[in-house]
Amino acid sequence: MEFFLSALAWLVDPANYVAGSQSPLPISDRLMEHLSYTVICVLISALIALPLGFYIGHTGRGRQFVISFTGGARAMPTLGLLMALSVALGYVLSFTIVGFAAAFTALVILAIPSTLAGAYSGIESVDRITVDAARASGMSEWQILTRVEIPLAMPLIVGGIRASFLQVIATAVIASYIGLGGIGRIISSGIGLNDNDRILGGALLVTALALVVDAILALAQRLVRPRGVTPQRSRRVVAIEEPIYVSAESRGLRAGAGNSADEGKQ
Amino acid sequence: MSWTLDNLDLVIELTLNHMRLSVLPIVLSLVIAIPLAWVANRNSALRAVTITAGSLLYTIPSLPLFVILPYVLGTQFISETNIVVALLIYGVAMMVRSAADALASVDANTRQAATAMGYSAWSRFWTVELPLAGPVLLAGLRVVSVSTIALLSVGAIIGSRNLGYLFLNGRQRTNLEEILAGIVASVLIALLFDLILVVLGRMLMRWPEANRGRTTASRSLALATKADS
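Taken in sequence, the protein lines are chains A and B. Take 47 as the starting number for the first sequence in this note's numbering and just add one per residue. Take -1 as the starting number for the second sequence in this note's numbering and just add one per residue.
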């Protein structure tokens, strides 16, 4: 217990927030770095994954690809991907930027499966009768996608993005080993110096960051549900509220589709 | 291929160790999640508490959890226990939700029929509810298995001897092949474990959802099961 109190005291000590301190301090800089890497990587991955997921969900083409891709991604060890990219990009990039480029590439790749699965399964979860009704009332395919399917799919889409955020926050910690900044720096310097306050303080800080981001996105998931769509109390729809990693698995199984929106824990 | 062939002993040693370290969390997560799921299905308040606790634990990033646990458990920093417990926490967190869904998926009529036939709550759970929850439990366990194996390699950062060692070592020596060998071995373990789980599932659950009536025996069993529910 005294370890935790000491780490918490270290975390709130103003001396560790003085601008221009030696790395890995100040804590605030590492926290902001971590948050900005996460946001940037999730945004880039969303630019790739959302259109692809919408396309596959709307047309039904490439369903099998999403299912095997998201399932296979779960088996990929993140540490291995990071290290492989850092060595492979080392052959083509200069030493100064290779760590950064490798870390960003890995984080973007790792954020894609959850977002893709969320977008795809969100669109697919929209009742086909609703889509047919939209088509019958004269909407174009584009209008069906943007005015019917995407709004109705929003909770699942945000759920996918939420899982991506957690994935990236966790992997960015490890990415400090190939030269990325962020909270991982605090932990790795603590391990190097055998400094309990840094190890535990950094670990608690990144855990707190993950919990706060997750809570905000959980709230967002509720807020994006279109007005008028009642949250039905059936288990199938309740599952939408939960993190996508398990719910999609069991929903898919129950629907006999076997699609899993989860890319697993890292 | 030359590095892999020259260091085959090391790769095999790390692969076996990787399998050894991941088996325990996978198996125990099922064993622990089932009673928790049973409790969660008693009423909605218990369910909310269990599922929320699971989601929160799952949210903790892996490396931080690996380094926090020694302080909580009082173990050595490089002890294998930390990693096994951390993976177990994630496994249970994932599994408890699938298990709760699995037990809830058993048809209420089936449950009532079993009660009417004179099953006690205890024997009904073991002989009726748990087997019928099997397919959903299996699906959950397969997810736990794959992510546990992938996640274990992060433990190499704090000194665990598993395939993650090849990732760290391969980067230090700028040896891409060493890293790729580790990734391939890790993915192969995941596939092997998944195959084992699927085969075990087919052997233990010889009814339509797991095995679509391959043999006459299982087909008639399937019919019998169907008639029962």
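Note that the Cβ used here is the ideal one computed from N, Cα and C, for glycine as well. All values derive from a computational prediction rather than experimental measurement.
- In terms of Cβ geometry, Gly168 of chain B and Ser151 of chain B do not form a close pair [threshold 8 Å].
- For secondary structure counted as the alpha helix (DSSP H) over 4 or more consecutive residues, the segment 84 to 159 of chain A holds these complete runs in sequence order: 109 to 121 and 124 to 136.
- Here Thr73 of chain B carries a coil assignment [DSSP, helix/strand/coil].
- Contact check for Val214 of chain A and Leu153 of chain A: beta-carbon distance about 5 Å, within the 8 Å limit, so the pair qualifies.
- Within the same chain, and ignoring the five residues on either side of Leu61 of chain B in sequence, the residues whose Cβ sits closer than 7 Å to its Cβ are Val152 and Ile155.
- Within the segment 183 to 242 of chain A, not a single complete beta strand (DSSP E) segment reaches 3 residues in length.
- Here the alpha carbons of Asp178 of chain A and Glu127 of chain B stand approximately 39 Å from one another.
- Taking a Cβ-Cβ threshold of 8 Å, none of the residues of chain A is close to Ala38 of chain B; the smallest such distance is about 13 Å.
- In the structure shown, Met93 of chain B falls within a helical segment according to DSSP collapsed to helix, strand and coil.
- At a beta-carbon threshold of 8 Å, the residues of chain A lying near Ile177 of chain B are Gly126, Met129, Ala130 and Val133, ordered along the chain.
- Near chain B, meaning a CB-to-CB distance below 8 Å, the residues of the segment 47 to 60 of chain A are Phe49 and Phe50.
- The criterion of a C-beta distance shorter than 8 Å is not satisfied by Ala114 of chain B and Val9 of chain B.
- C-alpha of Val82 of chain B to C-alpha of Pro272 of chain A: approximately 43 Å in a straight line.
- At least one CB of chain B lies nearer than 8 Å to the CB of Val219 of chain A.
- Contact annotation: in the segment 78 to 108 of chain A, no residue has its CB less than 8 Å from a CB in chain B.
- The distance from the Cβ of Ala199 of chain A to that of Ser171 of chain A is about 7 Å, consistent with a contact at the 8 Å cut-off.
- Against chain A, the CB of Leu54 of chain B has a partner CB under 8 Å away; the residue lies at that interface.
- Taking all protein chains in view, the Cβ of Gly99 of chain A is crowded by 16 or more other Cβ atoms within 10 Å, so the residue is classified as buried.
- Contact annotation: Leu174 of chain B and Ala130 of chain A have beta-carbon atoms nearer than 8 Å.
- Close partners of Thr73 of chain B in chain A (Cβ separation under 9 Å) are lacking, with about 13 Å as the shortest Cβ gap.
- When DSSP states are grouped into helix, strand and coil, Asp59 of chain A belongs to the coil group.
- Nearest Cα to Thr253 of chain A within the set A:Ser52, A:Ile90 and A:Thr217: A:Thr217.
- At a C-beta separation below 8 Å, Ala163 of chain A has no neighbours in chain B, since its nearest C-beta there lies roughly 13 Å away.
- Here Gly145 of chain A is not near Leu77 of chain A, since their CB atoms are 8 Å or more apart.
- In this structure, the CA atom of Pro129 of chain B is about 20 Å from the CA atom of Val90 of chain B.
- Residues of the same chain with a CB within less than 7 Å of the CB of Glu79 of chain A, apart from the 5 flanking positions on each side, are Gly227 and Gly228 in chain order.
- For the pair of segments examined, the segment 118 to 125 of chain B was found not to touch the segment 61 to 74 of chain B: the number of CB pairs separated by less than 8 Å stays below three.
- Taking C-alpha positions only, Arg159 of chain B is separated from Asp59 of chain A by approximately 36 Å.
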